[in-house]
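In the working numbering, the protein residues as written are 5 to 380.
Input: a single structure, listed below in structure tokens.
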């Protein structure tokens, strides 16, 4: 608790654009649980208490009308992609998709998972098969570049490879932009009280900690910041940003975990300031109760590096996400129960209480505090 009480002495009212009004809970920093732990009690007689969380929702199929909704690729419209076996689904690439059919199905998916137009909540689109910036579709996503080039070459057999590639870039990026923009526009008009955005946008691509443990700075490469700026069209249409700060076990309890998270949150905060007149977009970070590909819970230092760092940098909240591995047996359910009743629960209380106190003291309860020196 001490570092968070110390935050009050270091906090400032930001000179940046004010944040949009706090959402749903009207609290400056909300915490959400989006892990499919609903089976722990009926299957294994392990009761979990989620009263500390502002939002509690399951990402599993069959749960609708929640205040946090995640739309995987099969849940929303007719998202084009290739399977691992290189089979095209819904056209495979955005330039071969049917926009009219997609938008018609889009409304069906939204109506199913968010039945009430009056419902407030967070709405997260999780489309990860391809990226709208051509250069970011490296292996194994290079199939989207290959197919796009092939489509142009089929039409223009006499063109040079360079000319084919240039046209393919234009066609792919234009179609990707149209697909994502139209999706957001229809979603916002159909469910205007939801806060819409794409999971993992913005990204920072600062994963070089495995190669440079000693010299790792965490900084987002300049080229990736430039590419994020090229997505201005996406930030203008979004009503929230949902970056990821999932920790690899290689970062566990090291100074590099904080560097990794700080850069990613700061990049999201930078983008949040630039594309909406008069206010900044809320940033909700996606985190996990455990390290990536592990069921080892985050250490106390890494709770500080993730939730604490995000709150101090001005994020609007943190969303804990997990998959079915968390409830595969009684032991895994018990691990989560102990964590909720121990380190995680205590730290959530510390962070949310300090954020609320600072907001009340310095912002008259109408905003959130930022640490004066974001690199401190």
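Each residue gets a CB set at the ideal place from its N, CA and C atoms; glycine is no exception.
Next on the checklist: Less than 9 Å between the C-beta atoms of residue 241 and residue 204, yes or no?
Outcome noted: Within the chain shown, residue 241 is the residue found at index 237, counting from 1. Within the chain shown, residue 204 is the residue found at index 200, counting from 1. No, these two residues do not count as a Cβ contact at 9 Å.
Checklist entry - Is it the case that the Cβ atoms of residue 115 and residue 67 are separated by a distance below 9 Å? => result Position 111 of the chain shown, counting from 1, holds the residue named residue 115. Position 63 of the chain shown, counting from 1, holds the residue named residue 67. Not closer than 9 Å, so no.
Item to check | Whole-angstrom distance between residue 314 and residue 334, CA atom to CA atom | outcome: The sequence position of residue 334 within the chain shown is 330, counting from 1. The sequence position of residue 314 within the chain shown is 310, counting from 1. Approximately 32 Å between the Cα atoms of the pair.
Checklist entry - Since residue 145 and residue 135 are thought to touch, with beta carbons under 8 Å apart, how far apart are those beta carbons, to the nearest angstrom? => result Mapped onto the chain shown, residue 145 falls at position 141. Mapped onto the chain shown, residue 135 falls at position 131. About 7 Å; that satisfies the 8 Å criterion.
Item to check | Assigned secondary structure, residue 36 (DSSP; H/G/I helix, E/B strand, else coil) | outcome: Against the chain shown, residue 36 aligns to sequence position 32. Strand, per DSSP.
Item to check | Where residue 14 falls: helix, strand or coil (DSSP) | outcome: Sequence index remark: in the chain shown, residue 14 carries index 10 (1-based). Unreliable positioning characterises residue 14 in this predicted model, as indicated by a pLDDT of 49, which lies under 50. The coordinate reading is nonetheless provided below. Three-state result, residue 14: helix.
Item to check | Neighbourhood of residue 167 by C-beta distance below 8 Å, restricted to the same chain and skipping five residues each side | outcome: Position 163 of the chain shown, counting from 1, holds the residue named residue 167. Closer than 8 Å at Cβ, skipping near neighbours: 160.
Item to check | Exposure label - residue 132; buried when at least 16 CB within 10 Å | outcome: Within the chain shown, residue 132 is the residue found at index 128, counting from 1. The residue in question, residue 132, is exposed, as its Cβ has fewer than 16 Cβ neighbours within 10 Å.
Next on the checklist: Along the chain, where does the beta strand (DSSP E) containing residue 183 start, and where does it finish?
Outcome noted: Counting from one through the chain shown, the residue named residue 183 turns up at place 179. Counting along the chain, residue 183 falls outside any beta strand (DSSP E), though it belongs to the alpha helix (DSSP H) covering 165-194.
Checklist entry - Is residue 256 near residue 306, with beta carbons less than 9 Å apart? => result Reading the chain shown from its first residue, position 252 is the one you call residue 256. Reading the chain shown from its first residue, position 302 is the one you call residue 306. Yes.
Item to check | Among 262, 82, 46 and 87, nearest to residue 104 - alpha-carbon criterion | outcome: Residue numbering aside, residue 104 sits at position 100 when the chain shown is read from its first letter. Comparing Cα-Cα distances from residue 104 to each of 262, 82, 46 and 87, the minimum goes to 82.
Item to check | Own chain residues within Cβ distance below 8 Å of residue 113, not counting five before or after | outcome: The count along the chain shown starts at 1 and reaches residue 113 at position 109. If we look at residue 113 and ignore the five residues flanking it on each side, its Cβ neighbours are 75, 79, 80 and 81.
Next on the checklist: What would DSSP say about residue 8, mapped onto helix, strand or coil?
Outcome noted: Along the chain shown, read from residue 1 onward, the residue named residue 8 stands at position 4. Residue placement at residue 8 is poorly supported in this model, since its pLDDT is 46, which falls under 50; the coordinates are not used for a value here.
Checklist entry - Taking the C-alpha atoms as reference points, what is the distance between residue 369 and residue 287? => result Indexing the chain shown from 1 puts residue 369 at position 365. Indexing the chain shown from 1 puts residue 287 at position 283. Using only the alpha carbons, I get a separation of about 18 Å.
Checklist entry - Rounded to a whole number of angstroms, what is the C-alpha to C-alpha distance between residue 42 and residue 56? => result Looking up residue 42 in the chain shown gives position 38. Looking up residue 56 in the chain shown gives position 52. So the two alpha carbons sit approximately 16 Å from each other.
Checklist entry - With respect to the beta strand (DSSP E) encompassing residue 130, which residues constitute its N-terminal and C-terminal limits? => result Within the chain shown, numbered from 1, the residue matching residue 130 stands at position 126. 125-130 is the span of the beta strand (DSSP E), which, as asked, contains residue 130.
Checklist entry - Taking the Cβ atom as the reference point for each residue, do residue 190 and residue 297 lie within a distance shorter than 9 Å? => result Mapped onto the chain shown, residue 190 falls at position 186. Mapped onto the chain shown, residue 297 falls at position 293. For residue 190 and residue 297, no; Cβs fall outside 9 Å.
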